[in-house]
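Visitor:
Number of protein chains: 2
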Amino acid sequence: MDFTIKNVLIPTVDSYTTADVRVEKGAIAAIAPGLDAIGIQINGQNKLLLPGFFNAHTHSSEMWQRGIMSMLPLELWLAELYDFAALDLEKVYLSALATAVETLLSGGTSLVDHLVLIPAQELETIAAAVRAYKEVGIRAFVAPLIQDESLTAGIPSGGIKQNHEPYFRSTQATLALVEEAVKQFHRPDEGISILVAPTGIQLCSDALFEGCIELSQKYNLCRHSHLLETKAQQKLAQEKYGCTAVTHLQRLGYLDARTTLAHCVHLRDSDITILSETQSTVVHNPLSNLRLGSGIAPILKYRRAGINVTFGCDGASSNDSQDLLEAIKIGSILHNVTELDYRYWITPRQAVEMASTGGAKGLNVADRLGSLEIGKKADLVMYDLTNLSLLPRTDPIGLLVLGRPHNVVDSIWVNGKQIVADGKVTTIDVNNLRQELFNRSQWQEGQRFSPTVGEIEFHYRCVMGL
Amino acid sequence: MDFTIKNVLIPTVDSYTTADVRVEKGAIAAIAPGLDAIGIQINGQNKLLLPGFFNAHTHSSEMWQRGIMSMLPLELWLAELYDFAALDLEKVYLSALATAVETLLSGGTSLVDHLVLIPAQELETIAAAVRAYKEVGIRAFVAPLIQDESLTAGIPSGGIKQNHEPYFRSTQATLALVEEAVKQFHRPDEGISILVAPTGIQLCSDALFEGCIELSQKYNLCRHSHLLETKAQQKLAQEKYGCTAVTHLQRLGYLDARTTLAHCVHLRDSDITILSETQSTVVHNPLSNLRLGSGIAPILKYRRAGINVTFGCDGASSNDSQDLLEAIKIGSILHNVTELDYRYWITPRQAVEMASTGGAKGLNVADRLGSLEIGKKADLVMYDLTNLSLLPRTDPIGLLVLGRPHNVVDSIWVNGKQIVADGKVTTIDVNNLRQELFNRSQWQEGQRFSPTVGEIEFHYRCVMGL
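Protein sequence lines, in the order shown, are assigned to chains A and B.
Counting from 1, one number per residue, gives the positions in the first sequence under this note's numbering.
Counting from 467, one number per residue, gives the positions in the second sequence under this note's numbering.
#1: What is the residue span of the beta strand (DSSP E) that D113 (chain A) lies within?
#2: What alpha helix (DSSP H) runs, 4 residues minimum, are completely inside the segment 527-595 of chain B?
#3: So, is T259 (chain A) buried or exposed, given that buried needs 16 or more other C-beta atoms within 10 angstroms?
#4: Check whether the segment 667-680 of chain B touches the segment 694-709 of chain B, counting contact only when three or more Cβ pairs, one atom from each stretch, lie closer than 8 Å.
#5: Alpha carbons only, please: which of B:A593, B:M529, B:Q638 and B:F550 is nearest the one belonging to T569 (chain B)?
#6: Since P539 (chain B) meets chain A, which of its residues come closer than 7 Å, beta carbon to beta carbon?
#7: Measuring straight from C-alpha to C-alpha, what distance separates M464 (chain A) and I146 (chain A)?
#8: Closest Cβ-Cβ distance between P33 (chain A) and chain B: below 8 Å?
#9: Below 7 Å on C-beta distance, what does R404 (chain A) contact in chain B?
#10: Measuring only between beta-carbons, confirm whether V430 (chain A) sits less than 8 Å from chain B.
#11: Mark A562 (chain B) as exposed unless 16 or more other C-beta atoms lie within 10 angstroms of its C-beta, in which case mark it buried.
#12: Going along chain A in order, which residues have a C-beta closer than 9 Å to the C-beta of Q913 (chain B)?
#13: Classify F634 (chain B) as buried or exposed, calling it buried when 16 or more other Cβ atoms lie within 10 Å of its own Cβ.
#14: Find the residues of chain E that neighbour G293 (chain A), judging by a C-beta separation of less than 8 Å, and give them in chain order.
#15: Could you tell me which whole alpha helix (DSSP H) segments of length 4 or greater appear in the segment 356-422 of chain A?
#16: Nearest to N43 (chain A) by CA position, among A:F185, A:N55 and A:R22, is which residue?
#17: Quick one: Cα of T710 (chain B) to Cα of S736 (chain B), how far?
#18: Can you give the Cα-Cα distance for N512 (chain B) and V474 (chain B), rounded to whole angstroms?
#19: For the segment 155-169 of chain A and the segment 209-223 of chain A, state whether three or more C-beta atom pairs, one from each stretch, are separated by less than 8 Å.
#20: Assign C730 (chain B) to buried or exposed, taking buried as 16 or more other Cβ atoms, counted over all protein chains shown, within 10 Å of its Cβ.
#21: Along the chain, where does the alpha helix (DSSP H) containing T713 (chain B) start, and where does it finish?
#22: How is the alpha helix (DSSP H) around V775 (chain B) delimited, first residue to last?
#23: Would you call the segment 293-311 of chain A in contact with the segment 324-333 of chain A, where contact means no fewer than 3 C-beta pairs closer than 8 Å?
#24: Along chain A, in chain order, which residues have C-beta atoms closer than 8 Å to that of N873 (chain B)?
#25: Locate the alpha helix (DSSP H) running through I740 (chain B), then write down its first and last residues.
#26: Who are T347 (chain A)'s beta bridge partners in DSSP?
#27: Could you check the C-alpha separation between P917 (chain B) and D549 (chain B) for me, to the nearest Å?
#28: List the endpoints of the continuous beta strand (DSSP E) containing Q41 (chain A).
#29: Of all the residues that make up the segment 49-67 of chain A, which are near chain B by a beta-carbon distance shorter than 8 Å?
#30: Which value, in whole angstroms, describes the spacing of the CA atoms of E911 (chain B) and V896 (chain B)?
#31: What distance in whole Å lies between the Cβ atoms of T747 (chain B) and K446 (chain B), which are believed to be in contact at a cut-off of 8 Å?
#32: Name the DSSP bridge partner or partners of S425 (chain A)?
#33: Can a CB atom of chain A be found closer than 8 Å to the CB of I584 (chain B)?
#34: So, for A305 (chain A): in the same chain, excluding its five sequence neighbours on each side, which residues have a beta-carbon less than 6 Å away from its beta-carbon?
#35: Mind checking who T12 (chain A) pairs with in its DSSP beta bridge?
#36: Please state whether DSSP places T199 (chain A) in a helix, a strand or coil.
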């Protein structure tokens, strides 16, 4: 459906201008004042138009445990999560819907779902999430979360002999499953892409990484992974490889311009050079890194090294929201306390670029997405600048990034199709979604106890010197 | 107006219970299941009732510059702020209204407004803010921001001879003004208290602090001040006093159980002992401390030393929102990266206690406010737990503190009077406020340049080793 947005505020290099934006066949066809209106006319007055942002790392089904996870570091938190994360396909579908809705209403038009798979229903899990994203109309990069080692193998041994249960599925079976997912669901032109996404060096063999590289080459898939989220993972990499995780991944050939790496908290300077040389992208998940006590990722260093950085909310069990504007705000200002020289601090405009162009680069779609340019796909977000949280009128992008805007997304188009109008998602019944989430959950009574945390906590504390 | 909230969820020591809450003559009269409903009946089903939070440090008129301030450290940021902060009484009134509304709709029923005074209209400034708070019905602690040294005196000299303009008003005249404000506006029983509030050691003489102590004793006033927000202030204190700012303030006698100190980022261990011994309260402004690059206040250390800590948004030019739930979230999880042992991390329930009881203690009203107890004033916030941002149902307080809730405040009572119903402020016309804020402002075009920053930046960079 072609349309023309009339008199909307758009950013110029260091100011704003009021212009019309015409969209034809799902792409931006013209940007100029006083355009002839073709197709539907949209009133852009007192509104700001930006390219859609990328929620470049999340785990949608964690929505079911948000608000309730104990205050624990990643390794113990994961143990608690797995003890209580009973999922079914309907829950996967519903939490994908909710993740999409929260992402949209905070300015995101694309998301990367590092999707936890239900054992023995792996393809069905992917199908459920894909169905949700297609229904909502958000652009989805579905990254089936795979591993071939069991949970306890992710904690450093500290020199103590450990026996880990073998993982329940073979490396080959896992790779076959990803290949099948690609065949069934990888349809970039329809807004659904499959990524290869080994969870990270902490739970994956070299063979799994190598298999993923092969699939990535064979089908031209982007690559996704967690990387050095915690101090424990840094220790583990040394135990496993005798070198840093980044050096090891480079040797395997996993790092390249279509690789996005979530967290990247504990990297050495030599690792930073490698990420820069391989043109890998860092996905910054500031809120999760705070909640789990993982640390502050050295984002200003990455930017100075020329590394592409974008933002993610991470799963809702470790954040516990999918508000992308919150991730962008905190992910920008957090670093001011790591660097005295304010000339390196991230400005609101830089943050917007990281969230849009940065995401598109990392997902290998910068030729089609991530900016307001003629020829680019119309993944657009129009913000209502008359909302109280964006007043008084000052710098619209400053208000959006540094404030705490809510209810400010007026309209969203993905691939030229409108999916949010007047602040409401038009493609699904959000009220019904709310009712479903309500009905399938209960408020906690009393404290809950995770047996797995009980089993591994003593070892964890020893190894981490606590 | 007496009322009874029926079947509302309230927290118990480590769980929740459903009960009725009866309010008579502005105070909580009974909490139990199955109470006879006296007065108006309020349906509490699927709602959570908590004591109102304290936004324990803000500067309301900074609302006019939110979103637009450059990314600068405090000392330069202040210079920019003063270059552009042209205020009038109507603006003061409107930004106080807006600050009150944002505080309320994020769970706050009390605020401390460290109020910037318009020169030669000081009492009128206070009157304008007081009028706004009375109209909205929020409980306000108005702390007229005073100083008796001029802006450049707040930057360390670094041994370089400096000449500072004398401040335009004498110390005595300033103290007389505060005393007059007390006489005119200090009416704690009507919800308006005046605080003595010298801005901080960086811009105040000993005589000003001593005069404030006298007023505090004479009229039983709480005391408020910024304290060691930046590294520069730490240096300055050494230059000025040859000891830390905390030691100096203790010697002057400024620190006591009704003293709230905003920021407290750069304290030594010996300073922490002093705050603990004097029973002073720390007001944690995490977002402002990040945005201005001030640092991470050692809040976990304060808690371990038994110091009372509560939260503030700080002024909207350095945050740039007045969302108290955001300050509580970030002010809790931020510290997980400063302490490996997760057993010290702040839990959501602890955060709620800091925001409610902690605020009441600091403002010397813990006997009347800050908790759900029979006999306490009914400053109550009822949250709608069916909002999408608080679903699925898990731990209501966890969702509230760790999520990114919005549009979740259903009802608010202050002193038993309902001022928010169905999520809307009932005492003022918020739509009209929005229109006024819109009309009195303009979107920025191009970059703006602060002459004062231009004047002082070179010296600042030298002194700070940049």
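Where a beta carbon is used, it is the ideal one built from N, C-alpha and C, also for glycine.
Guide: Let's see:
#1: G108 to L115
#2: 540-550 and 555-570
#3: buried
#4: A contact exists between the segment 667-680 of chain B and the segment 694-709 of chain B.
#5: It is B:M529 whose Cα lies nearest to the Cα of T569 (chain B).
#6: Y342
#7: 26 Å
#8: no
#9: S787, D789 and E792
#10: V430 (chain A) counts as touching chain B.
#11: buried
#12: D14 and S15
#13: exposed
#14: The chain labelled as chain E is not found among the protein chains of the depicted structure, namely A and B.
#15: Taking only runs of at least 4 residues, the alpha helix (DSSP H) segments lying wholly in the segment 356-422 of chain A are 359-362 and 396-402.
#16: A:R22
#17: 9 Å
#18: 7 Å
#19: no
#20: Buried: at least 16 other Cβ atoms inside 10 Å.
#21: A711 to L718
#22: Not the alpha helix (DSSP H): V775 (chain B) falls in the beta strand (DSSP E), residues N774 to F777.
#23: With the cut-off at 8 Å, the segment 293-311 of chain A and the segment 324-333 of chain A touch.
#24: In chain order, H406 and N407 make up the part of chain A whose C-beta sits under 8 Å from the C-beta of N873 (chain B).
#25: Its alpha helix (DSSP H) spans residues D735 to T744.
#26: For T347 (chain A), which the question treats as bridged, DSSP gives no partner whatsoever.
#27: Roughly 7 Å separates the two Cα atoms.
#28: I40 to N43
#29: Those would be M63, W64, Q65, R66 and G67, in chain order.
#30: 27 Å
#31: Since the first and last residues shown for chain B are 467 and 932, residue 446 (chain B) lies out of range.
#32: First, the residue type needs correcting, since residue 425 (chain A) is Val and not Ser in the sequence shown. Paired residue(s): A:V420.
#33: no
#34: Taken in chain order, the residues that qualify are I272 and S276.
#35: Answer by DSSP bridge pairing: none, since T12 (chain A) is not bridged.
#36: coil
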